[in-house]
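A.B. asks: One structure, pasted below without further comment.
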Amino acid sequence: MLHYLLYLVLIALWIYTFVDCLGTPEREVRGPKVVWVLIILFFGEIMVGPIAWLVAGKRRVALSYPQSAYGRTGEPGAAAAPAGAGAGAGAGAGPGAGAEPPEPPRKFVAPDDNPEFLRSLSELIKQKREDGTAPSDGE
17 MLHYLLYLVL IALWIYTFVD CLGTPEREVR GPKVVWVLII LFFGEIMVGP
67 IAWLVAGKRR VALSYPQSAY GRTGEPGAAA APAGAGAGAG AGAGPGAGAE
117 PPEPPRKFVA PDDNPEFLRS LSELIKQKRE DGTAPSDGE
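Residues in the sequence shown are numbered consecutively from 17, following our numbering.
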């Protein structure tokens, strides 16, 4: 039984790498895409082609995030002082002097921590009690 499972895993990896190679844009492939397709197909039985594709076939780019008002630590107020503040800086020094700092990115708030959502739930419960219908767990 374990013997068949190993074959299923190998076939799944072979199919995954083949479809991944076909679906990858040409600019993200190292070398000609047709060559990679042939390598995956011809050397798939011994897993050299699929493993080579996973290791070296696709360019993987690390995501980079621009610095924001949060600074490097991710805490509000940890950013560098705005232009014109601090020692040696004259009034109005630097580009964008006097401009408001950018608004920090909004974070996702879970429904149980969202005051608007909790307020709407309490209003819904109050409305159902006034109507005489008890709120059920399914709603």
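Heads up, the beta-carbon is just placed ideally off N, CA and C, and yes, glycines get one too.
#1: Assuming L57 contacts F34 under a Cβ cut-off of 8 Å, what Cβ separation, rounded to an integer in Å, is found between them?
#2: Do the CB positions of R75 and V51 come within less than 9 Å of each other?
#3: Determine which residues share a DSSP beta bridge with V45 and list them.
#4: Closer than 6 Å by C-beta to G65: which residues in its own chain qualify, once you throw out the five before and the five after it? Chain order, please.
#5: Residue range of the alpha helix (DSSP H) that K123 falls in?
#6: Between which two residues does the alpha helix (DSSP H) harbouring E132 extend?
#7: Rounded to the nearest angstrom, what separates Y20 and I31 at their Cα positions?
#8: Between the Cα of C37 and the Cα atoms of V53, S136, L22, L29, which residue gives the shortest distance?
#9: Hey, would you say M63 sits closer than 9 Å to L22, going by beta carbons?
#10: From L134 to K123, what does the alpha carbon distance come to, in whole angstroms?
#11: Helix, strand or coil: how does DSSP classify G65 here?
C.D. replies: Judging by the given coordinates:
#1: Confirmed, Cβ separation roughly 7 Å.
#2: Between R75 and V51, the gap from beta carbon to beta carbon reaches 9 Å or more.
#3: Note: V45 sits in a beta bridge opposite K74.
#4: Excluding residues within five positions, the ones whose Cβ falls inside 6 Å are I55, I56, F59.
#5: Run containing K123: none; DSSP gives neither H nor E here.
#6: Element bounds for E132: 131-147.
#7: Those two C-alpha atoms are separated by around 16 Å.
#8: Taking each of V53, S136, L22, L29 in turn and checking the Cα distance to C37, the smallest one comes out for V53.
#9: No, Cβ-Cβ distance for M63 and L22 is not below 9 Å.
#10: Rounded to the nearest angstrom, the two C-alpha atoms are 18 Å apart.
#11: If DSSP states are grouped into helix, strand and coil, G65 belongs with the helices.
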